[in-house]
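Participant: Provided herewith is a single structure, encoded as structure tokens, for subsequent inquiry.
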Amino acid sequence: MNRRRSDANGQNWPTSFDVACAAGVSQPTVSRALRDDPSVSAETRERVQAAARALNYRIDSRAARLRSGSTGTLAVVILTQPGQARARVNPFYFALLGAIGAAASDRGFHLLLSFQDSAANFRSDYEQSHEADGLIVIGSAAHAAGWDHFNAAHRQGAHVVAWGAPEDSLPTIRCDNAEGGRLAVAHLAASGRRRIAFVGPGWDGHVAFRLRRDGYLAAVAEAGIQPLESRAISNGSREEQGEAAVRGLLAQDAQFDSVFAASDLLALGAMKALRDAGRSIPDDVAVVGFDGILSALHSTPALSSVEQDSELAGRLLVDALLDRIAGREPAPTPIPMRLVVRESCGLR
Numbered sequence: 001m002n003r004r005r006s007d008a009n010g011q012n013w014p015t016s017f018d019v020a021c022a023a024g025v026s027q028p029t030v031s032r033a034l035r036d037d038p039s040v041s042a043e044t045r046e047r048v049q050a051a052a053r054a055l056n057y058r059i060d061s062r063a064a065r066l067r068s069g070s071t072g073t074l075a076v077v078i079l080t081q082p083g084q085a086r087a088r089v090n091p092f093y094f095a096l097l098g099a100i101g102a103a104a105s106d107r108g109f110h111l112l113l114s115f116q117d118s119a120a121n122f123r124s125d126y127e128q129s130h131e132a133d134g135l136i137v138i139g140s141a142a143h144a145a146g147w148d149h150f151n152a153a154h155r156q157g158a159h160v161v162a163w164g165a166p167e168d169s170l171p172t173i174r175c176d177n178a179e180g181g182r183l184a185v186a187h188l189a190a191s192g193r194r195r196i197a198f199v200g201p202g203w204d205g206h207v208a209f210r211l212r213r214d215g216y217l218a219a220v221a222e223a224g225i226q227p228l229e230s231r232a233i234s235n236g237s238r239e240e241q242g243e244a245a246v247r248g249l250l251a252q253d254a255q256f257d258s259v260f261a262a263s264d265l266l267a268l269g270a271m272k273a274l275r276d277a278g279r280s281i282p283d284d285v286a287v288v289g290f291d292g293i294l295s296a297l298h299s300t301p302a303l304s305s306v307e308q309d310s311e312l313a314g315r316l317l318v319d320a321l322l323d324r325i326a327g328r329e330p331a332p333t334p335i336p337m338r339l340v341v342r343e344s345c346g347l348r
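Residue numbering for the sequence shown follows UniProt numbering, starting at 1 and increasing by one per position.
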């Protein structure tokens, strides 16, 4: 019996029933033979495979995955602020997305990508709808409503891992943020900077910023330096927040010779405020950021940064999700980082 399947253009493609007819075997035998099932003799497997090649038959991998209970797909959600243009998303997220895509492909999985910004489009039911086997969420800790949604999905049994979550109630991959902050500030102190300002608006509600601030405080205490922080608040982008923070310091007539910013985007905003105020970077004020985004290399001057290993982070996110799908508890592994010193942090 022949059963043709057609694509969206009406093109007919051979089925396993056509292969069975050509090889003179049953359709179940075709399925077993093409899976290299040892219950099928070598001679029959060879005959079935030859018939499949002659007919240009391809196994319906989607149907095979559905039969196995796997979609062969991992969903990735990037949390953005309501109304935020995609081009304004933190570029580190795109680097991370590329690394996740490469790691998923290496393991035989496709990606399903979604940008979500509010309750109107929050979605985490990819497993229930058989669209994906699990979910990786990337976003800013400041997006409280989004993280509440995915925390609820996790509690209800969804396979979820996160990058950027504000707390550890979700399985989360992150670097040693406190050590990264300490490295940056210790370098500034060792280069002779004695008035080091911390820029990290909203650090008390952002676990990564809080830990980076902890590293800052440890380093200035070790160097015998008084901490200095901006109290300025801005609800704009990270660049606008960094700019507002430094403008606040300048308005207070605070004396500072360097800035450690809790992210590269904050640092880029801080550098704009310094340039607008006529402060030379790094002669008057050195600047160090955190993340290692590509645009840091092309800023003027090039931004020094604590770089996170985004390639390894992508692999570990995929590994952690696949472990959870398989019922295994992944071992916590901090992401390596390194301080990359560029022109914004020149020695005096």
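Glycine included, each C-beta is placed from N, C-alpha and C at the ideal position.
Please identify the residue among A221, L217, M271 whose C-alpha is closest to the C-alpha of Q241.
Facilitator: Locating residue 241 in the sequence shown gives position 241, where the first residue counts as 1. Restricting attention to A221, L217, M271, the CA atom closest to the CA of Q241 is found in M271.
Participant: With a threshold of 6 Å on Cβ separation, who are the neighbours of P330 within its own chain once the five nearest residues in sequence on each side are excluded?
Facilitator: Counting from 1 along the sequence shown, the entry for residue 330 is found at position 330. A320, D323, listed in sequence order.
Participant: In whole angstroms, what separates the C-alpha of D117 from that of I325?
Facilitator: Mapped onto the sequence shown, residue 117 falls at position 117. Mapped onto the sequence shown, residue 325 falls at position 325. Approximately 26 Å between the Cα atoms of the pair.
Participant: I believe G180 touches V306 by the beta-carbon criterion, under 8 Å. Please report the beta-carbon distance rounded to the nearest angstrom.
Facilitator: By one-based count along the sequence shown, residue 180 stands at place 180. By one-based count along the sequence shown, residue 306 stands at place 306. That belief holds up - the Cβ atoms of G180 and V306 are roughly 4 Å apart, short of 8 Å.
Participant: Specify, as a first and last residue, the run of the beta strand (DSSP E) that Q49 falls within.
Facilitator: The residue you call residue 49 lines up with position 49 of the sequence shown. For Q49, no beta strand (DSSP E) run applies; the uninterrupted alpha helix (DSSP H) run containing it begins and ends at 42-55, by DSSP.
Participant: Taking all protein chains shown into account, do 16 or more other C-beta atoms lie within 10 angstroms of the C-beta of Q226, making it buried, or fewer, making it exposed?
Facilitator: Your numbering for residue 226 matches position 226 in the sequence shown. By the neighbour-count rule (16 or more Cβ atoms within 10 Å), Q226 is not buried but exposed.
Participant: Please classify R338: does DSSP put it in a helix, a strand, or coil?
Facilitator: The sequence position of residue 338 within the sequence shown is 338, counting from 1. Of the three classes helix, strand and coil, the one that applies to R338 here is strand, per DSSP.
Participant: If I follow the unbroken beta strand (DSSP E) through S114, where does it start and stop?
Facilitator: Reading the sequence shown from its first residue, position 114 is the one you call residue 114. Per DSSP, S114 belongs to the beta strand (DSSP E) from 110-116.
Participant: Can you give me the Cβ contacts of D309 inside the same chain, cut-off strictly under 6 Å, excluding the 5 residues immediately before and after it?
Facilitator: What you label residue 309 is simply residue 309 of the sequence shown in a count that begins at 1. Excluding positions up to five away in sequence, the list reads I335, P336.
Participant: Helix, strand or coil: how does DSSP classify V89 here?
Facilitator: For the purposes of this step, residue 89 is taken as the residue at position 89 of the sequence shown. V89 carries a coil assignment under DSSP once its states are collapsed to helix, strand and coil.
Participant: With DSSP run on the structure shown, which of helix, strand or coil describes D291?
Facilitator: Walking along the sequence shown from the start, residue 291 turns up at place 291. In the structure shown, D291 sits in a strand (DSSP, three-state: E or B).
Participant: With DSSP as the reference, label F94 as helix, strand or coil.
Facilitator: Translated into the one-based positions of the sequence shown, residue 94 becomes position 94. Reduced to three states, the DSSP call for F94 is helix.
Participant: Look up I100 in the DSSP assignment and say whether it is helix, strand or coil.
Facilitator: For this step, residue 100 is matched to residue 100 along the sequence shown. In this structure, I100 counts as helix in the three-state DSSP scheme.
Participant: Tell me the start and end of each unbroken alpha helix (DSSP H) in the stretch 182-267 that is at least 4 residues and wholly inside, in chain order.
Facilitator: 207-223, 238-251
Participant: Between A158, A102, F109, G139, which lies nearest to S129 when the distance is taken from Cα to Cα?
Facilitator: Here residue 129 corresponds to residue number 129 of the sequence shown, with the count starting at 1. If we check each option's Cα against that of S129, A158 comes out closest.
Participant: Taking the straight line between their C-alpha atoms, what separation do you get for A50 and G72?
Facilitator: As a first step, residue 50 is located in the sequence shown; it is residue number 50 there, counting from the start. As a first step, residue 72 is located in the sequence shown; it is residue number 72 there, counting from the start. So the alpha carbons of these two residues sit roughly 27 Å apart.
Participant: Excluding five sequence neighbours on each side, which residues of the same chain lie with their C-beta closer than 7 Å to the C-beta of G101?
Facilitator: In the sequence shown, residue 101 corresponds to position 101, counting from 1. For G101, where only same-chain residues beyond five positions count, the Cβ hits under 7 Å are L111.
Participant: The beta strand (DSSP E) that contains T29, what's its start and end?
Facilitator: Counted from its first residue, the sequence shown places residue 29 at position 29. Run containing T29: none in the beta strand (DSSP E); it sits in the alpha helix (DSSP H), 27-34.
Participant: Tell me whether H298 is buried or exposed, calling it buried when 16 or more other Cβ atoms sit within 10 Å of its Cβ.
Facilitator: In the sequence shown, counting from the first residue as 1, residue 298 sits at position 298. It counts as exposed.
Participant: Can you name, in chain order, every residue of its own chain whose Cβ lies under 6 Å from the Cβ of R328, other than the five neighbours on each side?
Facilitator: Here residue 328 corresponds to residue number 328 of the sequence shown, with the count starting at 1. Closer than 6 Å at Cβ, skipping near neighbours: no residue.
Participant: Use the C-beta contact count for I136: other C-beta atoms within 10 angstroms, 16 or more gives buried, fewer gives exposed.
Facilitator: The residue given as residue 136 occupies position 136 in the sequence shown. Under this definition I136 is a buried residue.
Participant: Check each candidate in A104, R155, R45, A142 and name the one with the smallest Cα separation from L34.
Facilitator: Position 34 of the sequence shown holds residue 34. That would be R45, whose Cα lies nearest to the Cα of L34.
Participant: In terms of residue numbering, what span does the alpha helix (DSSP H) encompassing I325 cover?
Facilitator: Taking the sequence shown and counting its residues from 1, the one referred to as residue 325 is at position 325. Segment 310-325, the alpha helix (DSSP H) holding I325.
Participant: Measure the C-alpha to C-alpha separation of F109 and V246 and round it to an integer number of angstroms.
Facilitator: Here the question's residue 109 lines up with position 109 in the sequence shown. Here the question's residue 246 lines up with position 246 in the sequence shown. CA-to-CA, the gap between F109 and V246 works out to about 45 Å.
Participant: So, is L79 buried or exposed, given that buried needs 16 or more other C-beta atoms within 10 angstroms?
Facilitator: Taking the sequence shown and counting its residues from 1, one reaches residue 79 at position 79. With 16 or more Cβ atoms within 10 Å of its Cβ, L79 is classed as buried.
Participant: Within this structure, are the beta carbons of V287 and H187 separated by less than 9 Å?
Facilitator: In the sequence shown, residue 287 corresponds to position 287, counting from 1. In the sequence shown, residue 187 corresponds to position 187, counting from 1. Their beta carbons are not under 9 Å apart, which means V287 does not touch H187 by this criterion.
Participant: Which residues does DSSP list as the beta-bridge partners of S305?
Facilitator: In the sequence shown, residue 305 corresponds to position 305, counting from 1. Paired residue(s): G289, V340.
Participant: Should the stretch 152-170 be regarded as contacting the stretch 194-211, the criterion being three or more beta carbon pairs within less than 8 Å?
Facilitator: yes
Participant: Secondary structure at L135, three-state DSSP: helix, strand or coil?
Facilitator: Here residue 135 is taken as the residue at index 135 of the sequence shown, counted from 1. In the three-state reduction of the DSSP assignment, L135 falls in the strand class, which pools E and B.
Participant: Where does L297 sit, in a helix, a strand or coil, going by DSSP?
Facilitator: For this step, residue 297 is matched to residue 297 along the sequence shown. L297: helix per DSSP, three-state reduction.
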